[in-house]
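Asker:
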Amino acid sequence: MLATEGMEDEEKWLAEGIAAIQHNAFYMSRALDSDNLREALKYSALLLSELRTSKLSPHKYYELYMRAFDELRKLEMFFREEDRHGCSVIDLYELVQHAGNILPRLYLLCTVGSVYIKSKEAPAKDILKDLVEMCRGIQHPTRGLFLRSYLAQISRDKLPDLGSEYEGEGDTVMDAVDFVLQNFTEMNKLWVRMQHNGPVRLKEKLDKERSELRDLVGKNLHVLSQIEGVDLEMYKDVVLPRVLEQVVNCKDEIAQYYLMDCIIQVFPDEYHLQTLETLLGACPQLQVSNQKYTSTQLLWQDKLVCPVICLLLFLASSYPSFLKCKLYI
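Counting from 1, one number per residue, gives the positions in the sequence shown under this note's numbering.
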């Protein structure tokens, strides 16, 4: 009975949030049509304020977030057209920082930041660094996770990658990698903290809800794997050590299970074969229930994963003394 009432309340809160977003989106669109920047910022901040709620489960919050996300795309298009609003992107970047509440302010800042990078009026690395640092202002696990997911989404095609239009003049592949790794680390910390969002008796329910959001964190690793400048050397010296450090240190079963899966899935088998010592060395440091997961399950779940890697991971996690053996590959 109580569970049913809770679900009904949540549906009501979600409906109210969506209605408020739609209401403010109407006036924002009207302001955009009349090229009224001040009114557009006013109503965009109001609709984004709905994302401040703490009443919704992560699944329902995602529905609310997607409504706001759709409106932000329209706002970004408006920001790109300086002749319509008469404000330079530099001034616009300063202007949105005066939004009353920090959460709407940061969403607006990320939106303008995307336009700012595209304008090339400042080094991409400086803007990306500013945004990823500013997002630390939101420490609520759910709100912070979705904010950083938005940052990852709007920046993924604007990284100073090898051969990218944003590379050069001090912007390097390393800047892109640092940005994605920093955002990944902060997102994983927020994701892990979500387990403490409710009473212990609801742990199973909370774990299920948290697992539904795993791809928000994992897509950072996918972005890393798509960066052209991340060659074997950079993967071996920078990417893998920093990712594994976060995986091991978070000491969370769900996160470790999923992220180890991600590492193996998104990066080339060739990279894994060349970094086996590092990868195998992390296995015994995982939570006990995860130490034997990698090989057997991945081997049967995805035939594309190199069987050799899976076998070695299984041996390393099941028999720690295996790590002392000399490997010839």
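Even for Gly, the Cβ is constructed at its ideal location relative to N, Cα and C. This one's a predicted model, so the numbers in the text were calculated from it and none came from an experiment.
Count the C-beta pairs between the region 100 to 115 and the region 53 to 65 that are closer than 8 Å, then say yes if the count reaches three, no if not.
Answerer: At 8 Å Cβ cutoff, the stretches do not touch.
Asker: Rounding to the nearest angstrom, what Cα-Cα distance links D261 and H140 in this structure?
Answerer: Spanning the two alpha carbons is a distance of roughly 26 Å.
Asker: Check the C-beta distance from L41 over to V89 and give it rounded, since I have them as a contact under 8 Å.
Answerer: Wrong, their Cβ atoms sit about 14 Å apart, outside the cutoff.
Asker: Keeping to the same chain, check which residues put their C-beta closer than 6 Å to that of D175; ignore five residues upstream and five downstream.
Answerer: Answer for D175: K125 and P160, listed in chain order.
Asker: I'd like to know if N36 contacts chain C, where contact means its C-beta is closer than 8 Å to some C-beta of that chain.
Answerer: Going by chain labels, chain C is absent from the structure shown, which holds only one protein chain.
Asker: Is M28 closer than 8 Å to L47 when the C-beta atoms are compared?
Answerer: Going by C-beta atoms, L47 is nearer than 8 Å to M28.
Asker: Excluding sequence positions up to five away, which residues of its chain have a Cβ less than 7 Å from the Cβ of A25?
Answerer: L47 and E71.
Asker: Within 10 Å of its beta-carbon, does V230 have 16 or more other beta-carbons around it, so buried, or fewer, so exposed?
Answerer: Buried is the call here.
Asker: For the alpha helix (DSSP H) that R80 lies in, which residues bound it at each end?
Answerer: From DSSP, the alpha helix (DSSP H) with R80 extends over P58 to R80.
Asker: Under the assumption that V243 contacts V180 (Cβ atoms under 8 Å), give the Cβ distance between them as a whole number of angstroms.
Answerer: 10 Å between Cβ atoms; not a contact.
Asker: Helix or strand or just coil, what does DSSP make of Q301?
Answerer: Unreliable positioning characterises Q301 in this predicted model, as indicated by a pLDDT of 44, which lies under 50. A coordinate reading is not provided.
Asker: Do you know offhand how far Y235's Cα is from Y271's?
Answerer: C-alpha separation (whole angstroms): 8 Å.
Asker: Could you give the C-beta distance for F184 and V217, rounded to a whole number, given that I count them as a contact under 8 Å?
Answerer: Confirmed, Cβ separation roughly 7 Å.
Asker: With burial defined as no fewer than 16 other Cβ atoms inside 10 Å of the residue's Cβ, what is the status of N249: buried or exposed?
Answerer: Burial call: exposed.
Asker: Which one of K55, Q153, A255 and D215 has the shortest CA to CA distance from E8?
Answerer: Among K55, Q153, A255 and D215, the Cα nearest to that of E8 is on K55.
Asker: Run the CB neighbour count on T278, radius 10 Å, all protein chains shown included, and call it buried at 16 or more, exposed below.
Answerer: Flag for T278 reads exposed.
Asker: Would DSSP call T296 helix, strand or coil?
Answerer: For T296, the pLDDT reaches just 46, beneath the cut-off of 50, and the residue's location in the model is therefore unreliable, although a value from the coordinates is still provided. Helix.
Asker: Rounded to whole angstroms, what is the Cα-Cα separation between S164 and T172?
Answerer: Going by the C-alpha atoms only, they are around 10 Å apart.
Asker: For the alpha helix (DSSP H) containing Q246, name the first residue and the last one.
Answerer: Element bounds for Q246: L240 to C250.
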